[in-house]
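Protein sequences, first through last, are from chains A and B. Every number in my numbering is 50 more than the matching position in the first sequence, counting from 1. Every number in my numbering is 205 more than the matching position in the second sequence, counting from 1. Just so it is clear, CB atoms sit at the ideal spot from N, CA and C, and this is done for glycine as well.
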Amino acid sequence: MNIDDFVPAHPGDPGIDPARDAGAHSEAILRVDAVSKIYRSGDSEVHAVSEATMAVDQGEFVALLGPSGSGKTTLISMIGGLLSPTSGTITLAGTDVGGLSARALTTFRAERVGFVFQAANLVPFLTARENLLYVATLQKRIGRKEAHERADQLLEELGLAARAKNVPEQLSGGERQRVAIGRALMNDPDLILVDEPTAALDTKLGRQVVELLAREIKQRGKTGVMVTHDLRMVQYTDRVFEILDGHLTHVEQPSALSH
Amino acid sequence: MMLAFNEIRRGRGRFASIIAALSLIVFLVLTLGALADGLFFGATGAVRSTNATAYAFSPDAKGSLIRSSMTPDQVREVQQAPGVAQATGVGVLLTAGSTQDAEYDVAIFGVDPDGAGVPTTLVEGRLPDPGENGVAAVDQSLIDEGVAMGDTISVGSRSVEVVGIVRDSAYQLQPTVWTSIDTWRSMRNEVRPEFTGVDDDVNAVAMVTEESSTAAQIQQEIGDLTILTAEETGLAIPGVEQQSSTLNAIIYTALAVAALVVALFFALVVLEKRELFAALKALGTPTRKLGAGVVVQALIASAIGVVIGAVAARGLGAIVPDEVPTLFRTDTLITIAIFTLVAGVVGAAFSLRRIARIDPATAIGGTL
C-alpha cells in the first residue's frame, strides 16, 4: 500500500488548520512557522513548500507522509539546515535555523541534528565503530574518550557489538541501517531526521529498523521526524503529518489513511 | 584526516594505480636528472673544481678553452687589469694518453700550481710543485679505469708520473691530467706539430677576481678579450647548456604530467564519491576538511611515489655501465621530491572546486 494510491480525506479542506493543530504544543522543541520554499526558474515559480507550520515536542516521533514531488524532501532539508527557506522561520530548541551562517549551519548539523539517510550512506572505508567515531570528530561537545565509550555503548545497544570492526561492505542492509541509526545518535542531537529509512530494505527488515528507531528516540527522549511514503511505518510514530503539493496538514486519524 | 588515511589503508588497490603512475614518473625524472647531472658535472668539473672565479679567452673563441689561444702579452693584460687578484695561463689538450697497460682518452691541463685555475679537490697525493715538470695529478675517474698512483702516462715521447688524485674535475666527460704548463705544452707540440716552435702560448687565462669586482666589470676594462665567470665558462663548453636545457625541459614536462595524472585521478575519485561527500557534508563535515583530506591523500601518494621511484632509479643507476654518465645528487633528489609533492598538491587542488560545489541537500531524497 502506498500513499500514491490513496486520496486524502479532505484535500484543501479549510476546516483543517495545521497551525492550530500544531500550535497546541506549547512545549515544542521544533517549530516550523509558515515556512515556504519557492524555486524560480525564468518566469515561473514552483512552490515546493507553501506556508508549512508544525510543532514537535521533545520525545515525539512524527511521520511526514507524502508522495514523490510533494515537497517532503524540501521540508525536511530545511528543518535539517540543508536548505534555507524562502520565508518563514524554523526554530530548534530556541535556535533560529534560518538565521545561521553557512559555517554555523555545518556545526549546527553536526551537533544538533542526526541524519538517517535512505541508503545508509556509511563511509565505505571505515568500520562500523569508526563510522560512529567519525561524526564525533565534527563536534566539540563530546570529548574523545567519552566518544569512544559512547560508540561502544551504542553499538552494543543496536546489537552490533560483534560487527564493530566490520566495514559496511561486510554488513547486511539491516545492519548498515542500524549503524546509520547509531551514527545519528552519536553526537546526542536534539533532533533525528530520518529520510525513507526502509527504501533499501525489505518489508520485514524495514519494520525492524523503524521499530528500533522509534524505541531509541523514545528511550533517549529525542525528537524524530521521519519522511516516508510507506503507510505501514506510520504505526511506530506518535503523530502524522501529510504533505501534498507543498501543503502540510496534520493528520488527525492516521488509521483513516489506510481506508 | 581519519577519512584520508583509512581510505588509503583500506582501499590500497585503488591507490596502487596512482602510486604506480607517480612512481614511474619519479623514476623517469630522477633518471633523467641523474643523466643531466652526470653530463653537466662530467663536462664542467675542470672549470668548477678550481680556485678560479673567472676565465679570459681570446676574442674569437666564444668562451671555449680549446678554441682559445692567448699570447704572453694578452696574459699580462689580464694580470694587470684592475679587480684581478691573480691570473695565470691555462693550457688544454684533448688527446690519448697511454700507460703500460692501456690507452685512455684524457684532457691534459697545464696550470701554474701557484696560480689560478688549479684544482681544489685533491683527494690523495699532491699536485705538481711550482716549476716541477713530468708529474701530474689525475682525475679519480682515471683511477677507476685502472690507472694507479706512480703509473706513467705517456703522450708521444713525453710522459708524466701520477703523484696525486683529484675528484670531480672531468672536462667534456674526459678524465683530466693536471700538470705544469711546460709539460702540457711539450705534449701539445708532439700531438700538434703545427705548434712546433711555439713555446709561450696558453689557451686561456684563469683568474681569481677580487671580491669587490665581477667578471662583467673586468670585461669593461679588457674590451678585446672575452671574460666569463667560472660558471659561464662551464655553460660555454659545447653542448653543456643545450643538454641541460633539453633534459630539464623533459623533466619539467614529466612533472607537469604528474600533476595532470593526480588531477585526473582525484577528479574521478571525487566524481565517484559525490554521494558520500554530500552525505558527509549533511552530517556536518566542513568542505575544507574534505578538501584537506584529498590534498593529504595526494601528498601521501606523491611521497610514496617519490620513495619507490627513487629506489628504482638508484637501482637502475647501480646497473648502468660506467660509460653512461649518471650522477645521483641529494640536491637533485630533494628538488625533484619537492616538485613532485607540489605537483601532487596542485593536481589535487583542481578537485577542490568540485568538492566545494557538492550540495549537502542532495543527500536527502535522492533515489526515490
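Chain A contacts made by the region 486-513 of chain B, where a contact means CB separation under 7 Å: Ala487, Leu488, Gly489, Thr490, Pro491
8 Å contact criterion, which Gly131/A and Arg159/A should meet: CB distance rounded: Residue 131/A sits at position 81 when you count from the first residue of the first sequence. Residue 159/A sits at position 109 when you count from the first residue of the first sequence. So it is a contact: roughly 5 Å between Cβ atoms.
Cβ-heavy atom distance, Arg215/B to the ligand PLP, below 7 Å: Looking at this structure, you won't find the ligand PLP or any other ligand, since it has none at all.
Pick from Val501/B, Val475/B, Ala441/B, Thr537/B that is closest to Val252/B, judged by C-alpha positions: What you label residue 252/B is simply residue 47 of the second sequence in a count that begins at 1. Nearest C-alpha to Val252/B: Ala441/B.
Residues bridged to His300/A [DSSP beta-bridge criterion]: As a first step, residue 300/A must be located in the first sequence, where it is residue number 250. Bridge partners of His300/A: Phe291/A.
Chain A within 8 Å of Arg215/B, Cβ atoms only: On the second sequence, residue 215/B is found 10 positions in, with the first residue counted as 1. By this cut-off, Arg215/B is an interface position.
Where the alpha helix (DSSP H) containing Ala421/B begins and where it ends: The count along the second sequence starts at 1 and reaches residue 421/B at position 216. Note, Ala421/B: alpha helix (DSSP H), 420-426.
Chain-ordered chain A contacts of Gly250/B [CB-CB under 9 Å]: Translated into the one-based positions of the second sequence, residue 250/B becomes position 45. Near Gly250/B there are no residues of chain A at all, since even the closest Cβ is about 52 Å away, more than 9 Å.
Nearest to Val474/B (by Cα), restricted to the options Leu495/B, Ser362/B, Ala487/B, Val323/B: One-based indexing of the second sequence puts residue 474/B at position 269. Among Leu495/B, Ser362/B, Ala487/B, Val323/B, the Cα nearest to that of Val474/B belongs to Leu495/B.
At least three beta-carbon pairs within less than 8 Å, the region 252-262 of chain B to the region 363-376 of chain B: yes
Chain B contact for Thr287/A (CB, 8 Å cutoff): Here residue 287/A refers to the residue found at position 237 when the first sequence is read from its first residue. No, because no Cβ of chain B sits closer than 8 Å to the Cβ of Thr287/A.
Residue from Glu101/A, Thr253/A, Gln203/A with nearest C-alpha to Ile140/A: Residue numbering aside, residue 140/A sits at position 90 when the first sequence is read from its first letter. Closest by alpha carbon: Glu101/A.
Length of the line joining the Cα atoms of Ser151/A and Val290/A: If you number the first sequence from 1, residue 151/A lands on position 101. If you number the first sequence from 1, residue 290/A lands on position 240. Cα to Cα, the separation comes out at about 31 Å.
Rounded C-alpha distance that separates Arg282/A from Leu221/A: To locate residue 282/A, count along the first sequence from 1; it is residue 232. To locate residue 221/A, count along the first sequence from 1; it is residue 171. Straight-line Cα distance between these residues: approximately 25 Å.
Limits of the unbroken beta strand (DSSP E) element including Ile213/B: Here residue 213/B refers to the residue found at position 8 of the second sequence. No beta strand (DSSP E) holds Ile213/B; the alpha helix (DSSP H) holding it covers 207-215.
Spatial distance of Leu299/B from Ile456/B (CA atoms): For the purposes of this step, residue 299/B is identified with residue 94 of the second sequence, where counting begins at 1. For the purposes of this step, residue 456/B is identified with residue 251 of the second sequence, where counting begins at 1. Roughly 32 Å between the two C-alpha positions.
Cβ-Cβ distance between Leu298/A and Leu80/A below 8 Å: Sequence index remark: in the first sequence, residue 298/A carries index 248 (1-based). Sequence index remark: in the first sequence, residue 80/A carries index 30 (1-based). The answer is no: Cβ separation not under 8 Å.
Chain-ordered neighbours of Ser151/A on chain B, where CB pairs are closer than 8 Å: Residue 151/A sits at position 101 when you count from the first residue of the first sequence. Simply none; closest approach about 12 Å.
CB contact flag (Met575/B, Gly498/B, <8 Å): Residue 575/B lies beyond the residue range present for chain B, which begins at 206 and ends at 573; the question has no answer from this structure.
Minimum C-alpha distance to Ala259/B - residue among Val500/B, Gln285/B, Ala321/B: Here residue 259/B refers to the residue found at position 54 when the second sequence is read from its first residue. Measuring from the Cα of Ala259/B, the nearest candidate turns out to be Ala321/B.
Distance between Leu172/A and Gly224/A (C-alpha atoms, nearest Å): Within the first sequence, residue 224/A is the residue found at index 174, counting from 1. Within the first sequence, residue 172/A is the residue found at index 122, counting from 1. Cα-Cα distance, rounded: 13 Å.
Which residues DSSP lists as bridging Gly330/B, in chain order: On the second sequence, residue 330/B is found 125 positions in, with the first residue counted as 1. Looking at the DSSP assignment, Gly330/B forms a beta bridge with Gly369/B.
Cross-chain neighbours of Pro185/A in chain B, by beta carbon under 8 Å: Here the question's residue 185/A lines up with position 135 in the first sequence. At residue 185/A the sequence reads Val, which differs from the Pro that was named. Correct list: Leu488, Gly489.
Reference Thr409/B; option with closest CA among Ile541/B, Ser263/B, Phe245/B: As a first step, residue 409/B is located in the second sequence; it is residue number 204 there, counting from the start. The sequence given here has Ala at residue 409/B, not Thr. Out of Ile541/B, Ser263/B, Phe245/B, Ser263/B has the C-alpha closest to the C-alpha of Ala409/B.
is_contact[Ser127/A, chain B] using C-beta, thresh 8 Å: If you number the first sequence from 1, residue 127/A lands on position 77. Closer than 8 Å to some Cβ of chain B, the Cβ of Ser127/A qualifies, so yes.
Contact under 8 Å by Cβ, Gly243/B with Leu532/B: Indexing the second sequence from 1 puts residue 243/B at position 38. Indexing the second sequence from 1 puts residue 532/B at position 327. Against a cut-off of 8 Å, the Cβ pair of Leu532/B and Gly243/B comes out as a contact.
C-alpha distance - Leu546/B paired with Thr156/A, whole-angstrom precision: Here residue 546/B corresponds to residue number 341 of the second sequence, with the count starting at 1. Here residue 156/A corresponds to residue number 106 of the first sequence, with the count starting at 1. Those two C-alpha atoms are separated by around 31 Å.
Identity of the residues DSSP links to Ala342/B by a beta bridge: The count along the second sequence starts at 1 and reaches residue 342/B at position 137. In the DSSP output, where bridge partners are listed per residue, Ala342/B has Gly369/B, Trp383/B.
Where Ile348/B falls: helix, strand or coil (DSSP): Mapped onto the second sequence, residue 348/B falls at position 143. Here Ile348/B sits in helix by DSSP.
Opening and closing residue of the alpha helix (DSSP H) in which Val577/B lies: Chain B is shown only over 206 to 573; residue 577/B falls outside these bounds and no answer can be derived.
Straight-line gap, Val57/A to Ser305/A (C-alpha atoms, nearest Å): As a position in the first sequence, residue 57/A is number 7, starting the count at 1. As a position in the first sequence, residue 305/A is number 255, starting the count at 1. In this prediction, Val57/A scores a pLDDT of 38, lower than 50, which makes its location untrustworthy; the coordinate-derived value is nonetheless stated afterwards. C-alpha separation (whole angstroms): 14 Å.
N-terminal and C-terminal residue of the beta strand (DSSP E) that Leu80/A is part of: Position 30 of the first sequence, counted from the start, is the residue given in the question as residue 80/A. Start and end: 80-91.
Cβ of Leu40/A within 8 Å of any chain B Cβ: Outside the displayed span of chain A (51 to 309) sits residue 40/A, for which this structure offers no information.
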